[in-house]
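Some notes on the structure that comes next.
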Amino acid sequence: MQSFFICGGNKLMGELEVQTSKNAVLPILAGCILCDKDVVLHKFPKFEDTLTMLKILESLGARTYIYENDVKIECESITNHEIPVDLASKIRSSIFSLGAILSRFKKAKVPYPGGCAIGARPIDLHIKGLKQLGAKIIDKHGFLYCDGSNMKSGVVNIDFPSVGATENIILASVFLKGRTKIINCAKEPEIVDLANFLNSMGAKIHGAGDSIIEIEGVEKLDGGEYTPITDRIIAGTYILATLICGGDVTLKNINTEHIQSLMHNLKNNCCKMIVKGDTLRVVANKRPKAISKIETQPYPGFPTDLQPQIMSMLSIARGTSVVVENLFESRFKHVGELKKLGADILVNDKTAIIKGKSMLYGANVTCQDLRGGAGLVLAGLVAKGYTTVDDVFHIDRGYYHMEKDLQQLGANIERITKA
Ligand code: UD1
Numbered sequence: 001m002q003s004f005f006i007c008g009g010n011k012l013m014g015e016l017e018v019q020t021s022k023n024a025v026l027p028i029l030a031g032c033i034l035c036d037k038d039v040v041l042h043k044f045p046k047f048e049d050t051l052t053m054l055k056i057l058e059s060l061g062a063r064t065y066i067y068e069n070d071v072k073i074e075c076e077s078i079t080n081h082e083i084p085v086d087l088a089s090k091i092r093s094s095i096f097s098l099g100a101i102l103s104r105f106k107k108a109k110v111p112y113p114g115g116c117a118i119g120a121r122p123i124d125l126h127i128k129g130l131k132q133l134g135a136k137i138i139d140k141h142g143f144l145y146c147d148g149s150n151m152k153s154g155v156v157n158i159d160f161p162s163v164g165a166t167e168n169i170i171l172a173s174v175f176l177k178g179r180t181k182i183i184n185c186a187k188e189p190e191i192v193d194l195a196n197f198l199n200s201m202g203a204k205i206h207g208a209g210d211s212i213i214e215i216e217g218v219e220k221l222d223g224g225e226y227t228p229i230t231d232r233i234i235a236g237t238y239i240l241a242t243l244i245c246g247g248d249v250t251l252k253n254i255n256t257e258h259i260q261s262l263m264h265n266l267k268n269n270c271c272k273m274i275v276k277g278d279t280l281r282v283v284a285n286k287r288p289k290a291i292s293k294i295e296t297q298p299y300p301g302f303p304t305d306l307q308p309q310i311m312s313m314l315s316i317a318r319g320t321s322v323v324v325e326n327l328f329e330s331r332f333k334h335v336g337e338l339k340k341l342g343a344d345i346l347v348n349d350k351t352a353i354i355k356g357k358s359m360l361y362g363a364n365v366t367c368q369d370l371r372g373g374a375g376l377v378l379a380g381l382v383a384k385g386y387t388t389v390d391d392v393f394h395i396d397r398g399y400y401h402m403e404k405d406l407q408q409l410g411a412n413i414e415r416i417t418k419a
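Here you go:
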């Protein structure tokens with residue numbers, strides 16, 4: 001088992017380049033299924049999920065080549081419309097490929113997806129959206145058998161602005177003759193990035209980032225080169241780490257527009273945030289203050305993917321804070337672990353009340369999911385003494401060598417292998 005061994009108490013100082021967004025790259029890789037020629041993605045993040053998505057593309061017939069910073073995908077040879085169960089069960093994002101496969105082959109056989117254990121995470125909105133475009137979908141023995149031969153452009157209403165469903169329906173619509181209008185879309189920057197990628201390959205998608213997206217069908221997509229956006233959640237994690245530990249950290253290569261809700265919540269909270277172009281300098285040298293109430297919401301609201309990390313900060317803040325998790329029903333699994341470090345948190349349904357303590361104390365804790373795991377590392381960085389964070393494979397799904405980033409900033413953290 002891989003774990004992080006942390007000796008808490010160091011301030012964070014220095015500069016860090018923020019990595020490419022996994023959540024932007026995953027649907028873009030699904031978008032490659034629509035392309036006829038080679039696609040090169042620059043600054044490719046080599047996470048387990050993105051590598052699994054490459055394997056899914058290979059299972060469909062693509063050839064992929066990983067270079068030091070980039071990946072090349074030869075899309076011409078994609079001829080298969082079925083995804084193997086072992087790959088699909090590894091990542092939830094395998095479901096994005098459904099819309100893209102239907103688009104390219106007018107048929108698809110896709111297993112139910114896997115992914116982080118943070119609640120039920122149904123795919124009804126994906127299926128409902130594809131059906132509104134005329135797809136026939138039968139769910140049998142854990143597979144979705146899809147017939148897209150009668151798919152037509154038209155109007156799709158998504159009941160809730162789901163990120164994945166919006167991405168899937170965009171991918172399904174790119175080749176539909178005429179104009180497709182998708183209503184109540186999610187507005188996340190990763191959706192804008194998917195549309196920018198597809199448009200750069202020849203698609204005609206308008207309005208990404210707003211609640212209504214319109215797509216004019218095109219006959220084919222070429223190939224080309226693209227650099228996906230950097231990761232707003234990683235940026236947010238290291239901003240919060242700096243507030244928790246104190247210090248002076250400059251994050252490079254970030255778009256602060258994408259983290260406005262976090263910056264708004266941290267305004268006047270014992271830190272200075274200085275934005276210059278695509279860099280953000282965070283200077284923090286006092287104990288953070290409590291925040292009366294934070295509620296996770298779809299973008300541009302506060303991201304659920306930063307909820308555990310901000311909870312770690314609130315655990316050592318002056319005063320009492322309330323965090324409401326509106327997106328996922330099982331996203332408080334880190335709370336029990338944070339309590340082992342001495343945090344005072346009371347959970348009632350989707351609300352957590354956090355009474356800030358002046359000190360946390362090192363302990364052995366276990367990651368339960370990706371973002372919760374990142375929250376535990378942040379708490380370990382400030383806890384007195386030694387903290388071991390077990391099962392860091394969860395963290396590896398969204399942070400490429402998190403321990404190296406934190407070491408670069410002066411944290412005392414090491415990756416160890418436990419028997
Ligand atoms: C994406 C992100 C994930 C983030 C989440 C919310 C990727 C790869 N993952 O996940 O990191 O936490 O957005 O910002 O981009 N829902 C349904 N039916 C559906 C689909 C979703 O009920 O068919 C519900 C979900 O259970 C959840 C809510 O809608 O309660 C939001 O989910 P969604 O926006 O779809 O998240 P993902 O795309 O899975």
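This note's numbering numbers the first residue of the sequence shown as 1 and each following residue consecutively.
Yeah, the Cβ is synthetic: ideal placement off N, Cα and C, and Gly gets one too.
The structure presented is a predicted model; accordingly, all values stated were derived computationally and were not measured.
Does residue i pass the burial test, meaning 16 or more other C-beta atoms within 10 Å, or should it be called exposed?
{"i": "Y399", "result": "buried"}
{"i": "T79", "result": "exposed"}
{"i": "P122", "result": "exposed"}
{"i": "Y226", "result": "buried"}
{"i": "A135", "result": "buried"}
{"i": "G178", "result": "exposed"}
{"i": "G159", "result": "Strictly speaking, residue 159 in this sequence is Asp, with Gly absent from that position. With fewer than 16 other Cβ atoms within 10 Å, it is exposed."}
{"i": "H394", "result": "buried"}
{"i": "C116", "result": "Model confidence at C116 stands at a pLDDT of 49, short of 50, so the residue's coordinates are unreliable; what they give is reported in the following sentence. By the neighbour-count rule (16 or more Cβ atoms within 10 Å), C116 is buried."}
{"i": "A419", "result": "exposed"}
{"i": "I299", "result": "Checking the sequence shown, residue 299 turns out to be Tyr, not Ile. With 16 or more other Cβ atoms within 10 Å, it is buried."}
{"i": "I91", "result": "buried"}
{"i": "V275", "result": "exposed"}
{"i": "N268", "result": "exposed"}
{"i": "S292", "result": "exposed"}
{"i": "I138", "result": "exposed"}
{"i": "K201", "result": "Rather than Lys, the amino acid found at residue 201 in this sequence is Met. With 16 or more Cβ atoms within 10 Å of its Cβ, M201 is classed as buried."}
{"i": "E329", "result": "exposed"}
Using the C-alpha atoms, what's the distance from residue j back to residue i?
{"i": "I316", "j": "G9", "result": "13 Å"}
{"i": "N157", "j": "P189", "result": "20 Å"}
{"i": "I118", "j": "V249", "result": "In this predicted model, I118 has a pLDDT of only 48, less than 50, meaning its place in the structure is not dependable; the value taken from the coordinates is given anyway. Computed Cα separation, rounded: 31 Å."}
{"i": "T388", "j": "K204", "result": "49 Å"}
{"i": "G301", "j": "Q309", "result": "16 Å"}
{"i": "V420", "j": "K131", "result": "As displayed, the chain neither begins before 1 nor continues past 419, which places residue 420 out of reach and without an answer."}
{"i": "Q260", "j": "I73", "result": "34 Å"}
{"i": "V382", "j": "I127", "result": "44 Å"}
{"i": "E216", "j": "S149", "result": "19 Å"}
{"i": "D38", "j": "H264", "result": "41 Å"}
{"i": "M359", "j": "A290", "result": "14 Å"}
{"i": "C185", "j": "V85", "result": "29 Å"}
{"i": "F105", "j": "C7", "result": "53 Å"}
{"i": "N285", "j": "K272", "result": "9 Å"}
{"i": "L87", "j": "P111", "result": "9 Å"}
{"i": "L102", "j": "E76", "result": "16 Å"}
{"i": "K181", "j": "T166", "result": "11 Å"}
{"i": "Q368", "j": "P161", "result": "26 Å"}
{"i": "F143", "j": "I56", "result": "16 Å"}
{"i": "V283", "j": "R371", "result": "24 Å"}
{"i": "S93", "j": "P288", "result": "36 Å"}
{"i": "T256", "j": "L306", "result": "15 Å"}
{"i": "L262", "j": "A235", "result": "10 Å"}
{"i": "G373", "j": "V218", "result": "42 Å"}
{"i": "Y361", "j": "E337", "result": "12 Å"}
{"i": "H401", "j": "D49", "result": "14 Å"}
{"i": "D70", "j": "V40", "result": "7 Å"}
{"i": "P27", "j": "L198", "result": "10 Å"}
Given a cut-off of 8 Å, decide if residue j and residue i are closer than it, judged by their beta-carbon atoms.
{"i": "L12", "j": "C245", "result": "yes"}
{"i": "I213", "j": "S21", "result": "no"}
{"i": "T279", "j": "V322", "result": "no"}
{"i": "D344", "j": "K357", "result": "yes"}
{"i": "L439", "j": "N168", "result": "Since the first residue of the chain shown is 1 and the last is 419, residue 439 is not available in this structure."}
{"i": "A30", "j": "L171", "result": "yes"}
{"i": "L406", "j": "I413", "result": "yes"}
{"i": "A379", "j": "S312", "result": "yes"}
{"i": "I294", "j": "V18", "result": "no"}
{"i": "V335", "j": "V347", "result": "yes"}
{"i": "Y386", "j": "F5", "result": "yes"}
{"i": "G164", "j": "I83", "result": "no"}
{"i": "L266", "j": "G14", "result": "no"}
Using 8 Å as the limit for Cβ to Cβ distance, is residue i near chain B?
{"i": "I170", "result": "Absence of chain B from the displayed structure is noted, only one protein chain being present."}
For the ligand HEM, I want to know if residue i counts as a neighbour, meaning its beta carbon is within less than 7 Å of at least one of the ligand's heavy atoms.
{"i": "H334", "result": "Looking at this structure, you won't find the ligand HEM anywhere; what it does contain is the ligand UD1."}
Output the residue ranges of the beta strand (DSSP E) runs that lie fully inside the region 295-365 and measure 3 residues or longer, sorted by chain position. 320-324, 344-348 and 351-355
Which runs of the alpha helix (DSSP H), 4 residues or longer, sit entirely within the region 203-278? 232-245 and 260-266
Complete beta strand (DSSP E) runs within the region 94-162 (minimum length 3 residues, chain order): 107-111, 136-140, 143-147 and 155-157
Taking only runs that begin and end inside the region 158-189, name each unbroken alpha helix (DSSP H) of 4 or more residues, in chain order. 163-173
At 3 residues or longer, and completely inside the region 361-393: list those beta strand (DSSP E) runs for me, N to C. 364-366 and 386-390
Secondary structure, alpha helix (DSSP H): runs of 4+ residues fully inside the region 5-74: 22-31 and 48-59
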